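Asker: First residue of the sequence shown: 5, per the numbering used here; consecutive thereafter. Ideal Cβ placement from N, Cα and C applies to all residues, glycine included. It should be emphasised that the depicted structure is a prediction, and the values quoted were computed from it without experimental measurement. A single structure is presented below for examination.
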Amino acid sequence: MATAKTSAPTIPLSKVAAELAEKTGMTKKDASGTLDEFVGLVVRHLKKGNKVRITGLGILQVRHRPARMGRNPATGEAIKIKASKKVAFRVAKDLKEAI
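Here is the structure:
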């Protein structure tokens, strides 16, 4: 009999900030503010169309998806899917090998 797959726990940014504060001697408030500013910087650069390389982690970039034809799975009717943008993440080679 197959066993159910359990998903890994999701670590919230607040927990990451708490661990960062503990390791660096910063206050939790300072660590949280630093991480919030980092996230804001990443978002601003992605909005400008820049790629963001985080050494040891990977590259974030915006990819443009062209308009295309799709199909409504319930009715089988052909539908037009609008062009869109998505954020893509490419894992760094070192991280991929470490996992």
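#1: Would you decide whether residue 71 is buried or exposed? Buried here means 16 or more other CB atoms lie within 10 Å of its CB.
#2: Reducing DSSP to helix, strand and coil, say where residue 82 ends up.
#3: Could you give the first and the last residue of the continuous alpha helix (DSSP H) run that contains residue 35?
#4: Terminal residues of the continuous beta strand (DSSP E) containing residue 88?
#5: Identify the continuous beta strand (DSSP E) that holds residue 17 and give its terminal residues.
#6: What did DSSP end up calling residue 64 once you bin it into helix, strand or coil?
#7: Quick check: residue 50 and residue 43, are their CB atoms within less than 8 Å of each other?
#8: Please report the distance separating the alpha-carbon of residue 77 from that of residue 83.
Answerer: In short, the structure shows the following:
#1: Mapped onto the sequence shown, residue 71 falls at position 67. Counting other Cβ atoms within 10 Å of its Cβ, residue 71 stays below 16 and is therefore classed as exposed.
#2: Walking along the sequence shown from the start, residue 82 turns up at place 78. Strand at residue 82.
#3: Looking up residue 35 in the sequence shown gives position 31. It spans 32-51 - the alpha helix (DSSP H) in which residue 35 sits, taken as one unbroken run.
#4: As a first step, residue 88 must be located in the sequence shown, where it is residue number 84. Per DSSP, residue 88 belongs to the beta strand (DSSP E) from 88-95.
#5: Here residue 17 is taken as the residue at index 13 of the sequence shown, counted from 1. Bounds of any beta strand (DSSP E) do not take in residue 17; it lies within the alpha helix (DSSP H) bounded by 17-28.
#6: In the sequence shown, residue 64 corresponds to position 60, counting from 1. Strand, per DSSP.
#7: The residue given as residue 50 occupies position 46 in the sequence shown. The residue given as residue 43 occupies position 39 in the sequence shown. The answer is no: Cβ separation not under 8 Å.
#8: Taking the sequence shown and counting its residues from 1, one reaches residue 77 at position 73. Taking the sequence shown and counting its residues from 1, one reaches residue 83 at position 79. Spanning the two alpha carbons is a distance of roughly 10 Å.
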